[in-house]
Amino acid sequence: MSKAWIIAAKEWKEILRDFYVLGILVLLPPVMVGTLLLLIYFYLTFFLHNLDMAKTLLSSMPVAYLQGLAGYTDIQKVAVLPIKIIGIPFFLLIPLLISGIVTADSFAGERERNTLETLLAAPLREHELLLGKVLTPFLPALAITWISFAFLTAGVSRILNPHFLSPVFPDRVWILSMLVLVPLFLAGTVLGEILISSRASSVKSASALNMLLSFPVLAAMLLQSTGFVLFSDRTLPWIALALATVDAWLFRAGLLAIRRGDLLVR
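Counting along the sequence shown from 1, when you hit position 251 you're at 255 in our numbering, and nothing is skipped either side.
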């Protein structure tokens, strides 16, 4: 495990020297959190001045969206809908994009810089090499996601809490999603991106292929918008189990993908 940390520390130093990558890592999360907060703010402001339209909207919403909101007024129901409908899948884009920026350079970058043979000649076991490559994007992406969630919580609380008797965000689904789903989702995302990088001929091609991994998140957002409540107390354990299963399979596939002979002939 100590050798895996050495690999991760080496790559973190390289990231800190790359101001382009570092700039994206610093700027992207505030932009995404700010976008979600602006959406919630303008959505709430609009319906505060158009109460009749709020009633019309609620009458057309799927029943699943309104479950658990029985004690709320119409404007309170409208206020929390954006964060409940698209909040979690939208927020999952943060670890996905952050890890993708870092992981695209994993093996594809080593291949471009002609340092892959040197890396593979190091006295490392395959699981140590894979863990090192996983830790490099995983820990920064997880930390950035949790920090972004703290800012989101502060922003949403400032916007919504004046309209409620008690705080409504974050609720249990959001907290469990951040503590359980995000690490599991991020681990699978990083492993998938490493598989792509191990086969890609360049960083650009790895980055392009990494974008395919955003499709499940966009699909989750689409499902939520059509009335299917994907993230709830009832579904979270099943989603976590599915993600853990996929992670285990991807880790096994990653060990096979980074065998020294296979990497060198690509």
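Positions of the beta carbon are idealized from the N, C-alpha and C atoms, including for glycine.
What you are looking at is a predicted structure, and each value in this text was computed from that prediction instead of being measured.
(message) On the criterion of 16 or more Cβ atoms from any shown chain inside 10 Å, does residue 10 qualify as buried, or is it exposed?
(response) Taking all protein chains in view, the Cβ of residue 10 is surrounded by fewer than 16 other Cβ atoms within 10 Å, so the residue is classified as exposed.
(request) For residue 90, name the three-state secondary structure that DSSP assigns. (result) coil
(request) Could you tell me the distance, in whole angstroms, from the CA atom of residue 22 to the CA atom of residue 150? (result) Straight-line Cα distance between these residues: approximately 23 Å.
(request) With hydrogens ignored, establish whether the beta-carbon of residue 208 is closer than 7 Å to any heavy atom of the ligand ZN. (result) Here there are no bound small molecules, and the ligand ZN is not part of this structure.
(request) Specify whether the region 33-45 and the region 173-188 touch according to this definition: at least 3 beta carbon pairs, one from each stretch, less than 8 Å apart. (result) no
(message) Under DSSP, the alpha helix (DSSP H) around residue 106 begins and ends at which residues?
(response) 97-107
(message) For the pair the region 212-224 and the region 136-155, tell me if three or more CB-CB distances fall below 8 Å.
(response) Touching, no.
(message) What would DSSP say about residue 165, mapped onto helix, strand or coil?
(response) helix
(message) Just to confirm before moving on: does the CB-CB distance between residue 145 and residue 99 stay below 8 Å?
(response) Result yes, Cβ atoms of residue 145 and residue 99 sit closer than 8 Å.
(request) Quick one: residues in its chain with C-beta nearer than 7 Å to the C-beta of residue 257, no 5 flanking neighbours on either side, listed in chain order? (result) 199
(message) Could you compute how far the alpha carbon of residue 129 sits from the alpha carbon of residue 208?
(response) If you take the alpha carbons of residue 129 and residue 208, they lie about 28 Å apart.
(message) Using 8 Å as the threshold, is the C-beta distance between residue 29 and residue 105 below it?
(response) yes
(message) Please classify residue 15 as buried or exposed, where buried requires at least 16 other C-beta atoms within 10 Å of its C-beta.
(response) buried
(request) Could you pull the start and end residues of the alpha helix (DSSP H) that residue 241 belongs to? (result) For residue 241, the uninterrupted alpha helix (DSSP H) run begins and ends at 240-261, by DSSP.
(message) Is the beta carbon of residue 181 closer than 8 Å to that of residue 94?
(response) no
(message) Can you tell me where the alpha helix (DSSP H) holding residue 187 begins and where it ends?
(response) 186-203
(request) Would you mind reading off the limits of the alpha helix (DSSP H) that contains residue 58? (result) 55-64
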